[in-house]
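The block underneath contains the structure these notes are about, expressed in structure tokens.
Residue numbers (the numbering used here): 69 to 258.
Structure below.
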């Protein structure tokens, strides 16, 4: 090692400075490639992992707050809600039965028939009558009309929006002459 220092000291001053700077440059590039850059990449990966972990921690903290709130809800309040919903369901069933009884006789179909007979423009009602089926002990509304596709869809949506519970039992759509079609519908009031 001492011989190397002696040889270095014998070199001219300019060559010594050049050797010093070249050695410094080589050491710096080796440090940069093998030390600093990999460290920066590891730091970036760890920073990304830290941010993900913080986001997960925030989500868990929010979920914990929701669960804690549900844990402290008194059971009496839940029982009260259940009993209220049971009463509402009983009233709803009662209303359905009352409407079904009201619509069971043919004479009570007048409001339904009047509402159905209000057809929009483009719909021509050909037949509208109530038929009582003896074997099933229920009444059925037979409706036949003529119109194009869009007015038919609009009219059927209107029938669905009526305040009575009407079920489509049978629907036939036959194009007679484009764009006009003949439609026959069987509706069962429930």
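A virtual CB, placed ideally from N, CA and C, is assigned to each residue, including glycine.
Separation of residue 138 and residue 230 (C-alpha to C-alpha, rounded to the nearest whole angstrom) is 41 Å. Your pair residue 199 and residue 213 does not check out as a contact, with CB atoms roughly 16 Å apart and the cut at 8 Å. Unbroken alpha helix (DSSP H) stretches of 4 residues or longer found wholly inside the segment 205-232: 217-228, given in chain order.
When beta bridges are read from the DSSP output, residue 240 appears opposite 252.
Given a length threshold of 3 residues, the segment 114-150 has no whole run of the beta strand (DSSP E) inside it. For residue 73, the enclosing alpha helix (DSSP H) has its first and last residue at 70-78. Around residue 197, the same chain offers 210 as residues with beta carbons nearer than 6 Å, after the five sequence neighbours per side are excluded. Burial state of residue 83 is exposed, judged by a 10 Å Cβ sphere holding fewer than 16 other Cβ atoms. Note: residue 257 is bridge-paired with 234 in the DSSP secondary-structure output. If you check the CB distance, residue 249 and residue 236 do not come in under 8 Å.
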